[in-house]
Amino acid sequence: VAEGGPGPLDPKAGTPLRAINALLPFGTIVLATFGGMLADGAAKVRSLPDASRPPLSLVSILSHSDSITALIWASAAGWLSALGLVLAQGALSLDEAMAAWAEGLKEVLEPMLVLLLAWALGAVIADVGTATFLARSLREGLPRWSLPPIVALLSHAISFASGSSFGTMGIVLPLVGPLAQALGGGSREYLLHCIGSCLGGATFGNICSPISDTTILTVLATRCDLQAHVATITPYALLAAATALLFGSVPVGLGLYGPLAALAVGVAAMGAAIAVFGT
């Protein structure tokens with residue numbers, strides 16, 4: 011937010027701040043997303059031939075649903091509910107509401123482009139067979155224990171550079187699956203370990219990257235300086251990342267202990283670090 015005055019998305023002076031104006035649109039998005047996924051998945055399961063139709067369960071419904079379409083319609087429903095609230099309360103005129111909508115669209119445009127390009131890169135990686143090539147090339151030369159920490163470090167770097175956790179997952183996961191299957195000999199536990207390293211590493215940049223949508227929204231909501239927010243949140247993100255890497259990915263990959271023990275050791279290590287260095 012500029013120091014000279016309120017930003018384009020700040021409420022007008024004297025506007026009453028009501029929790030319902032945030033809770034109802036967000037609640038509408040959540041309920042409409044899951045409701046749309048359930049309706050779409052159930053319809054697709056029922057349309058399958060009898061011979062290949064799975065039982066109508068929650069797992070089969072969600073596995074056949076189109077979550078992207080459901081989220082798009084849910085976002086539209088949330089926007090309409092927010093529009094109805096501000097118009098009914100007289101907080102904004104229709105012109106002002108549409109101007110605020112346009113300003114909000116500008117804020118999410120860059121993260122949307124990053125995510126779309128990440129999906130495109132993931133599709134290119136899958137089409138050219140990059141994952142299969144890497145799996146064949148590294149099967150003999152890469153130690154089995156080293157893949158989870160390498161995946162975590164790669165995810166840390168990509169997420170920080172792109173500011174998108176979902177974009178990072180879209181890039182890294184297509185590579186991780188075949189590599190983990192090849193190096194792990196088909197082990198389900200090893201595959202889950204590598205996927206977990208990717209998911210954990212992908213959240214790193216989403217928390218502390220200066221171009222992350224989470225960072226930008228936090229700065230806008232708290233009116234904190236961007237550089238100050240990044241400088242104060244990064245040490246905590248680095249602590250969590252280093253703890254997960256040193257007490258989770260590496261020792262579990264080496265077989266020193268299991269994931270539950272790694273979680274306990276990691277929590278104890280973070281608690282000790284906070285006790286020694288303070289918050």
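The numbers in my numbering rise by one with no breaks, and the one at position 195 of the sequence shown is 205. We put the CB at the ideal spot given by N, CA and C, even for glycine. Note that this is a predicted model, so its numbers are computed, not measured.
Same chain, Cβ closer than 7 Å to residue i, neighbours up to 5 away in sequence not counted
i	result
Y246	none
L255	P159, A162
G206	none
Spatial distance of residue i from residue j (CA atoms)
i	j	result
V161	L227	28 Å
S219	S169	8 Å
S174	T213	8 Å
L95	R198	49 Å
A130	T253	32 Å
A272	V286	21 Å
A86	A133	27 Å
P171	S222	Inspection of the sequence shows that residue 171 is occupied by Ala rather than by Pro. Answer to the nearest angstrom: the Cα atoms are 9 Å apart.
V275	T38	39 Å
A231	H239	12 Å
E113	A29	22 Å
G268	V260	11 Å
A1	G288	Nothing about residue 1 can be read from this structure; the chain reaches only from 11 to 289.
V118	I78	16 Å
Cβ-Cβ distance between residue i and residue j below 8 Å
i	j	result
A42	A84	yes
L164	A190	no
P185	G194	Rather than Pro, the amino acid found at residue 185 in this sequence is Leu. No. Outside cutoff.
L248	M280	no
V55	L66	yes
L264	W155	yes
Contact set for residue i: own chain, Cβ-Cβ below 6 Å, skip 5 residues either direction
i	result
T5	Absent from the model: residue 5. The displayed extent of the chain is 11 to 289, so no value can be given.
K22	none
L102	V96
N31	L95
I135	P184
Local Cβ density within 10 Å of residue i, reported as buried at 16 or more and exposed below that
i	result
G258	buried
A80	buried
G210	buried
V69	exposed
F36	exposed
G177	buried
V262	buried
M122	exposed
A283	exposed
G139	exposed
Supposed contact pair residue j and residue i - C-beta distance, whole angstroms, cut 8 Å
i	j	result
L72	G51	6 Å
M179	C208	6 Å
A107	L97	7 Å
H166	A251	6 Å
Contacting residues, own chain, Cβ-Cβ under 8 Å from residue i (five flanking each side not counted)
i	result
L27	P21
Contact test: residue i Cβ vs the ligand NAP heavy atom, cutoff 7 Å
i	result
A252	The ligand NAP is absent from the structure shown, which contains no ligand whatsoever.
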